[in-house]
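Residue numbers (my numbering), protein chains in the order written: chain A, 732 to 853; chain B, 732 to 853. Glycine included, every Cβ here is placed at the ideal spot set by N, Cα and C. Here the structure is laid out as structure tokens; the discussion comes afterwards.
Protein chains: 2
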Amino acid sequence: MTEIEDRKVGAARAARLDAVFAALADPTRRAIIDRLSRGEARVTEVAEPFSISLNAVSKHIRVLEASGVIERHRKGRDHILSINTRSLDEVDGWIERTRRYWEGRLDAMERVAHELRKHDSR
Amino acid sequence: MTEIEDRKVGAARAARLDAVFAALADPTRRAIIDRLSRGEARVTEVAEPFSISLNAVSKHIRVLEASGVIERHRKGRDHILSINTRSLDEVDGWIERTRRYWEGRLDAMERVAHELRKHDSR
Chain A
732 MTEIEDRKVG AARAARLDAV FAALADPTRR AIIDRLSRGE ARVTEVAEPF
782 SISLNAVSKH IRVLEASGVI ERHRKGRDHI LSINTRSLDE VDGWIERTRR
832 YWEGRLDAME RVAHELRKHD SR
Chain B
732 MTEIEDRKVG AARAARLDAV FAALADPTRR AIIDRLSRGE ARVTEVAEPF
782 SISLNAVSKH IRVLEASGVI ERHRKGRDHI LSINTRSLDE VDGWIERTRR
832 YWEGRLDAME RVAHELRKHD SR
């Protein structure tokens, strides 16, 4: 891959992460994902438990689709929604990389604290 | 815990998740976290690699602090920034719960596909 291509891939991934994080920054959208995490469902089934209008739920669903977090396919006359776990993998990967350094540090601090306590109790 | 308290805790957690996801939905803010994931740093050190103004970086830092993703403490005249890994744990926990169902389903589908292929090759 050339450097320019490499930068394009990086920019595309950054844009995807922007969209996924922004999509998840809303309690109604997270509730929709919670529902779909128990199994795929029709749009009307997803909308049913919410007190907001079907139109308002549909807007949230479109944000989730645009971010790639959920997918839609047709089964006859029904529109079926399901989670695209790959988009969550990408987010998870990012958090994992960020956290690794700190976990190592906290482990080391815990070991030091443990040693100090042993000395204290002698 | 009473039901009302339970709802308050739920609402507080939802508000925290909203703030964390919104904070992470920006490439500059994720780059700041990347920098801090390699170790705590002064505000000026964090700002240095960016082509935007110190003032613009400071705004991003304040968004990250308000969401609880990063923390600030003073060491003499310096303001030191570090990641608060607990906020990322909460996000990670949410993603994990959401994904578990689907992973189970994908595993089951893979087993079925594997069995069908064995039958085919007989």
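**Prompt:** Does the beta carbon of residue 822 of chain A come closer than 8 angstroms to any beta carbon on chain B?
**Reply:** yes
**Prompt:** Residues in the segment 761-776 of chain A with C-beta within 8 angstroms of chain B's C-beta atoms, listed in sequence order?
**Reply:** 761, 764, 765, 768, 769, 770
**Request:** Sort A:823, A:754, A:809 by Cα distance to residue 830 of chain B and report the nearest one.
**Result:** A:823
**Item:** C-alpha gap between residue 783 of chain A and residue 791 of chain A, whole angstroms
**Value:** 11 angstroms
**Asked** Between residue 797 of chain B and chain A, is there a C-beta pair that is closer than 8 angstroms?
**Response** no
**Prompt:** In chain order, what residues of the segment 740-756 of chain A put their CB closer than 9 angstroms to some CB of chain B?
**Reply:** 742, 745, 746, 748, 749, 750, 751, 752, 753, 754, 755, 756
**Prompt:** Closest to residue 755 of chain B by CA distance: which of B:739, B:818, B:778 is it?
**Reply:** B:818
**For residue 766 of chain A, the nearest candidate out of A:825, A:814, A:821, A:826 (CA to CA)** = A:814
**Asked** By the criterion of Cβ-Cβ separation under 9 angstroms, what are the contact partners of residue 738 of chain B in chain A?
**Response** Those do not exist, as residue 738 of chain B stays about 13 angstroms from chain A at its closest Cβ, beyond 9 angstroms.
**Request:** Report, in whole angstroms, the separation of the C-beta atoms of residue 799 of chain B and residue 751 of chain B, which I expect to be a contact under 8 angstroms.
**Result:** 7 angstroms
**Message:** Let me check understanding here. Comparing Cα to Cα, which of B:821, B:849, B:803 lies closest to residue 726 of chain B?
**Reply:** Absent from the model: residue 726 of chain B. The displayed extent of chain B is 732 to 853, so no value can be given.
**Request:** Go ahead and label residue 778 of chain A buried or exposed: buried means 16 or more other beta carbons lie within 10 angstroms of its beta carbon, across all protein chains shown.
**Result:** buried
**Message:** Taking only three categories from DSSP, how would you classify residue 745 of chain A?
**Reply:** helix
**Message:** How far does the alpha helix (DSSP H) with residue 757 of chain A in it extend, from its first residue to its last?
**Reply:** No alpha helix (DSSP H) contains residue 757 of chain A, which DSSP labels as neither H nor E.
**Item:** For residue 764 of chain B, the three-state DSSP class (helix, strand or coil)
**Value:** helix
**Request:** List the whole-angstrom C-beta distance separating residue 780 of chain A from residue 745 of chain B, where the pair is believed to meet the contact cut-off of C-beta under 8 angstroms.
**Result:** Their Cβ separation, rounded to whole angstroms, is 16 angstroms, which puts residue 780 of chain A and residue 745 of chain B out of contact at 8 angstroms.
**Item:** Straight-line Cα distance separating residue 768 of chain B from residue 785 of chain B
**Value:** 20 angstroms
**Message:** Buried or exposed, going by whether 16 or more other CB atoms sit within 10 Å of the CB of residue 775 of chain B?
**Reply:** exposed
**Asked** Does DSSP put residue 802 of chain A in a helix, in a strand, or in coil?
**Response** strand
**Prompt:** Quick one, which of A:761, A:738, A:772 has its alpha-carbon nearest residue 827 of chain B's?
**Reply:** A:761
**Asked** Alpha carbon to alpha carbon, what distance is there between residue 773 of chain B and residue 772 of chain A?
**Response** 48 angstroms
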